[in-house]
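Notes follow the structure.
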Amino acid sequence: PSGKTIVLFFYNGTISQGVAFEGLLNNGKAFAQRLTGGFDQNDEPQLLHIATDGESYGHHHRYGEMALADCLQYIDEKSSVHLTNYGEYLEKFPPQYEAAIHENSSWSCVHGIERWRSNCGCNSGGHPKWNQEWRSPLRNALNWLRDQLIPIFEVQASKYITDVWKARDEFIDVLLDRSDEQVERYLEKVTYRALAKREKVHLLRLMEMQRNALLMFTSCGWFFDEVTGIETTQILQYACRAIHYAEQVADADLEPEFIVRLQQAPSNLPEYGTAAISYEKNVMPAHVDLLGVGMHYAVTSLFEKHPQRLDFFNYVVTSDFFDRIEAGSHTLSIGQAIVRSKITHSEKRFGFAVLYLGQLNIIGNISLNMSEETFKDMYEKSSESFKKVDLAGVIGAMQTYFGPEKFTIWQLFKEEKQKIINRITAQNLAQVENSFRKIYTNNYQLMSGLIFSSVAVPDAYKSAVEYVLNRDLRQFFERESLEMSELQKTLNEIQKWGVRLTDEDAFKLAASERIFAEIGQLDKGNVPLSRLLSIAEILSVLKQMNIKPDVWKSQNQYFSLLQLYENRERAYPNIEWKKAFLKLGGALGVKTEIVESLDLKAEIV
């Protein structure tokens, strides 16, 4: 309507599909040849280009980013075609054709854009008997919520801003840089008066409400088969967050009506029935607020060495007062702290007391309005009872001052709860490991004799041997120095007893990260020849055992160092060190071509 124009470039769909689904990223040079062979055989200027998802390069197709790099290098060095971009091509070759836009169309729905608002028949194909009747009611529910949020935003934000929607769009500056300085610059730019601290929090909540209102329309929420899937659950979490902010800024209770509307969106899974049940089961419990963060901080304070300041998700907690008293396997933590949102800058002061009774037995209380005097009384009585080994007195004091509402480890955030459980488990596993090592050591000669006599080793002994040797193999890569003799000793024992790797992925990760760290040390210089040879030997031994650590990071790091030597920007310490360095490259899978005087060419293969 404005009379302006837009230039369109039509991408090569066939080759794009080849990247996504036909393995074109398995070989960088083949990828390059497919691209350069895709031009039409005529004399017109041509731009050949593809459109693919970014996650194809490394996520969907492992090493795809390396294939892309190899492809571009090959084209740049060996091809007659020229690498360019849309701007350069457009400047040299203005459009020769005119096209009409087919409105409301998409690449992934033959029905236009119905995939995002109706049961059009397009789906992922994994469940042919399922339907997507839920799409339309879901769209309607979110449209309703959006329309409820708009007047709240306009009325509340206009207290501080003249053009509220322009300010909403400019909030992108904060999303790209959430530093306190950037937030202040943004507020100064968009507001027509200086704001008090609580007003700043209010405005930031409004902007976050709008951000989540946009996020709840994320495309993948409709794209797949089922309304309770992770994609749709995610957009409902955005909706939940927007509802939460609306309640904070305008005391608007939108959730009950929203849930009623979700009842119209049917699930294909009998255990859910509708999107409303999924919302109540999967979304509402995942809601994070300042009180929940305070509870988590209280539990974490039992185990952290320095809990005076801790970060959780988008929150930071700083302690005003903290005391932790230990008695055997029991611990009592009491404190006062402030939890602050990094997103809205809202703050909440809270007091807490949490008692750890061993294993997963944790009892905690938290208060957002306890006076200083009451807190002191609670601290004195609880700590005094604990020191007297009067646990009933501790629990009684906590109930007296906080009330009957308690929390346990099971009410914490899922991911952080797992960390704490892992930490508790690790303490107990240390005792288990000690027991297994005693069995292994004390019965070593007996087990050897059984093997020598062709008598089966009892399963109880086998379990101890398997646990100990897997642990030794993992711990080898966590030691300060990597002694090849120690690794060889462990591997010999593994072969002797026929031990299987119980967690090969974890071991490969530990090996990969340690090798990467060792190669990083090479960049600092003064690395002994023995250490260099040891890394190469370790890689060689792992290869013999058919254990393949993920060394792409190490390859890249090694290759960068190799370039410094090859380009004479760095000198090898001596000829023996150089030979060992090249041997390491071979062990990493970096193909080196040694020519006269040990000059070299190299490539990662």
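In this text, residue positions in the sequence shown follow the working numbering: the first is 58, and each later residue adds one.
Note that the Cβ used here is the ideal one computed from N, Cα and C, for glycine as well.
Those residues which DSSP pairs with V396 across a bridge: Residue 396 sits at position 339 when you count from the first residue of the sequence shown. In DSSP, V396 forms a bridge with V374, K405.
At least 3 beta-carbon pairs within less than 8 Å: the stretch 544-553 vs the stretch 573-588: With a cut-off of 8 Å, the stretch 573-588 and the stretch 544-553 do not count as touching, because too few Cβ pairs lie within range.
Proximity of K86 and Y114 at Cβ, strictly below 8 Å: Your numbering for residue 86 matches position 29 in the sequence shown. Your numbering for residue 114 matches position 57 in the sequence shown. It is not a contact, given that the beta carbons lie outside the stated cut-off.
Inter-residue Cα distance where the pair is I466 and N197: Counting from one through the sequence shown, the residue named residue 466 turns up at place 409. Counting from one through the sequence shown, the residue named residue 197 turns up at place 140. Distance between the alpha carbons of I466 and N197: 38 Å.
Cα-Cα separation between R192 and E265, rounded to whole angstroms: Your numbering for residue 192 matches position 135 in the sequence shown. Your numbering for residue 265 matches position 208 in the sequence shown. Computed Cα separation, rounded: 25 Å.
Range of the contiguous beta strand (DSSP E) that encloses L367: Indexing the sequence shown from 1 puts residue 367 at position 310. For L367, the uninterrupted beta strand (DSSP E) run begins and ends at 366-369, by DSSP.
Residue nearest to V584 in terms of C-alpha spacing, selected from L558, V598, A567, W634: Position 527 of the sequence shown, counted from the first residue, corresponds to residue 584. Closest by alpha carbon: W634.
Candidates F459, V598, N624, R91: closest to L641 by CA position: Residue numbering aside, residue 641 sits at position 584 when the sequence shown is read from its first letter. Answer by Cα proximity: V598.
DSSP-derived helix/strand/coil call for R225: Taking the sequence shown and counting its residues from 1, one reaches residue 225 at position 168. The three-state reading of DSSP puts R225 in helix, counting H, G and I together.
C-alpha gap between Y497 and L503, whole angstroms: Taking the first residue of the sequence shown as position 1, residue 497 is located at position 440. Taking the first residue of the sequence shown as position 1, residue 503 is located at position 446. Spanning the two alpha carbons is a distance of roughly 10 Å.
Proximity below 8 Å, CB of L326 to CB of E288: Counting from 1 along the sequence shown, the entry for residue 326 is found at position 269. Counting from 1 along the sequence shown, the entry for residue 288 is found at position 231. No. Outside cutoff.
Presumed contact (8 Å Cβ cut-off) between F407 and L425, rounded CB distance: Your numbering for residue 407 matches position 350 in the sequence shown. Your numbering for residue 425 matches position 368 in the sequence shown. Right, their Cβ atoms sit about 5 Å apart.
Distance between beta carbons of L526 and V556, contact taken as under 8 Å: Within the sequence shown, numbered from 1, the residue matching residue 556 stands at position 499. Within the sequence shown, numbered from 1, the residue matching residue 526 stands at position 469. With a contact defined as Cβ atoms closer than 8 Å, V556 and L526 qualify at about 5 Å.
Rounded Cβ spacing between A307 and I209 (contact assumed at less than 8 Å): Looking up residue 307 in the sequence shown gives position 250. Looking up residue 209 in the sequence shown gives position 152. The Cβ separation is near 5 Å, so the contact holds.
Bounding residues of the alpha helix (DSSP H) (the contiguous stretch that carries I572): By one-based count along the sequence shown, residue 572 stands at place 515. Start and end: 561-579.
Reduced DSSP category for T141 - H, G, I as helix; E, B as strand; rest coil: Locating residue 141 in the sequence shown gives position 84, counting from the first residue. Here T141 sits in coil by DSSP.
Inter-residue CB distance, Q620 and G646 (contact presumed, cutoff 8 Å): As a first step, residue 620 must be located in the sequence shown, where it is residue number 563. As a first step, residue 646 must be located in the sequence shown, where it is residue number 589. Distance from Q620 to G646 at the Cβ level is roughly 17 Å; contact not present, criterion being Cβ atoms closer than 8 Å.
DSSP bridge partner residues for I478 (one or two, in chain order): Residue numbering aside, residue 478 sits at position 421 when the sequence shown is read from its first letter. None; I478 has no bridge partner.
Extent of the continuous alpha helix (DSSP H) run through S442: Locating residue 442 in the sequence shown gives position 385, counting from the first residue. Per DSSP, S442 belongs to the alpha helix (DSSP H) from 429-444.
Alpha carbon of D516 to alpha carbon of V522, nearest angstrom: Here residue 516 refers to the residue found at position 459 when the sequence shown is read from its first residue. Here residue 522 refers to the residue found at position 465 when the sequence shown is read from its first residue. Cα to Cα, D516 sits roughly 10 Å from V522.
Own chain residues within Cβ distance below 7 Å of V231, not counting five before or after: Within the sequence shown, numbered from 1, the residue matching residue 231 stands at position 174. If we look at V231 and ignore the five residues flanking it on each side, its Cβ neighbours are Q239, V240, Y243.
Residue burial classification, D127 (beta-carbon count within 10 angstroms, cutoff 16): Against the sequence shown, residue 127 aligns to sequence position 70. Burial call: buried.
S165 classed as buried or exposed, judged by whether at least 16 other C-beta atoms fall within 10 angstroms: Along the sequence shown, read from residue 1 onward, the residue named residue 165 stands at position 108. By the 10 Å Cβ count, S165 comes out exposed.
Rounded straight-line distance, which links the Cα of R119 to that of F67: For this step, residue 67 is matched to residue 10 along the sequence shown. For this step, residue 119 is matched to residue 62 along the sequence shown. Cα to Cα, F67 sits roughly 28 Å from R119.
Under 8 Å between C-beta atoms of M273 and A296: One-based indexing of the sequence shown puts residue 273 at position 216. One-based indexing of the sequence shown puts residue 296 at position 239. Cβ atoms of M273 and A296: closer than 8 Å.
Proximity below 8 Å, CB of I391 to CB of Y436: For the purposes of this step, residue 391 is taken as the residue at position 334 of the sequence shown. For the purposes of this step, residue 436 is taken as the residue at position 379 of the sequence shown. Cβ distance < 8 Å, so I391 and Y436 count as in contact.
For R172 and W279, believed in contact at Cβ under 8 Å, the rounded distance: Counting from 1 along the sequence shown, the entry for residue 279 is found at position 222. Counting from 1 along the sequence shown, the entry for residue 172 is found at position 115. Correct: roughly 6 Å between the Cβ atoms.
C-beta atoms of M352 and G421 nearer than 8 Å: As a first step, residue 352 is located in the sequence shown; it is residue number 295 there, counting from the start. As a first step, residue 421 is located in the sequence shown; it is residue number 364 there, counting from the start. A contact, by the Cβ cut-off of 8 Å.
Three-state class that DSSP yields for F464 in the structure shown: As a working mapping, residue 464 is identified with position 407 in the sequence shown. The answer is strand: DSSP assigns F464 an E or B state.
DSSP-derived helix/strand/coil call for P313: Numbered from its first residue, the sequence shown carries residue 313 at position 256. P313 falls in the helix class under three-state DSSP.
Buried versus exposed call for L602 [16 or more other C-beta atoms within 10 Å across all chains shown]: Walking along the sequence shown from the start, residue 602 turns up at place 545. First, the amino acid is wrong: residue 602 is Met here, not Leu. Its Cβ having fewer than 16 others within 10 Å, M602 is exposed.
Own chain residues within Cβ distance below 7 Å of R528, not counting five before or after: The count along the sequence shown starts at 1 and reaches residue 528 at position 471. Annotation for R528: E490 place their beta carbon closer than 7 Å to its own, counting only its chain and skipping 5 residues before and after.
Residues bridged to F379 [DSSP beta-bridge criterion]: Walking along the sequence shown from the start, residue 379 turns up at place 322. Answer is G392, bridged to F379.
Whole runs of the alpha helix (DSSP H) within the stretch 596-641, excluding any shorter than 4 residues: Counting only runs of 4 or more, we get 609-623.
C-alpha distance - Q74 paired with F409, whole-angstrom precision: Translated into positions along the sequence shown, residue 74 becomes position 17. Translated into positions along the sequence shown, residue 409 becomes position 352. Each residue's Cα considered, the two are about 57 Å apart.
S442 versus V451: straight-line alpha-carbon distance, rounded: On the sequence shown, position 385 is the one that residue 442 refers to. On the sequence shown, position 394 is the one that residue 451 refers to. Their backbone Cα atoms lie some 5 Å apart in a straight line.
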